[in-house]
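These notes concern the structure reproduced below.
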Amino acid sequence: MRSLLTRAALVLLVLCSPPVQAAAHQLVLIQDSGWMEPFLSAEGSQFRPFVEALAAAIRVPEGTIAIGTFDQDGQVPGRTSPRILHKMRK
């Protein structure tokens, strides 16, 4: 009987407690190796605004989202992988 009362008390505690909301952290990674680089860096490229719009569309409220690139680490001298291009926080 005591076990049943303990379980019922725990269920009531869980059901009556306010919801806990944790900030979400998201990362959008884009391949940036060799032939893909012009899509990000070319003048007038529509790819980067597309990626930024995609990141804005999937972003959750009260969270942080970062846009980064990745390639084979060391492929481009002096560039680490992954590399964060843009970070947004609400």
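Quick note, the numbering used here runs 104 ahead of the 1-based positions in the sequence shown. Just so it is clear, CB atoms sit at the ideal spot from N, CA and C, and this is done for glycine as well.
{"Check": "Sequence-distant residues of the same chain with beta carbon closer than 7 Å to F143, five excluded per side", "Outcome": "S149 and F151"}
{"Check": "T173 beta carbon less than 8 Å from that of P186", "Outcome": "yes"}
{"Check": "Cross-strand partners of I169 (DSSP beta bridge)", "Outcome": "Q130 and M192"}
{"Check": "Test item: CB-CB of I171 and R163 under 8 Å", "Outcome": "no"}
{"Check": "Backbone secondary structure at P187 - three-state DSSP", "Outcome": "Inspection of the sequence shows that residue 187 is occupied by Arg rather than by Pro. Residue state, collapsed to three classes: strand."}
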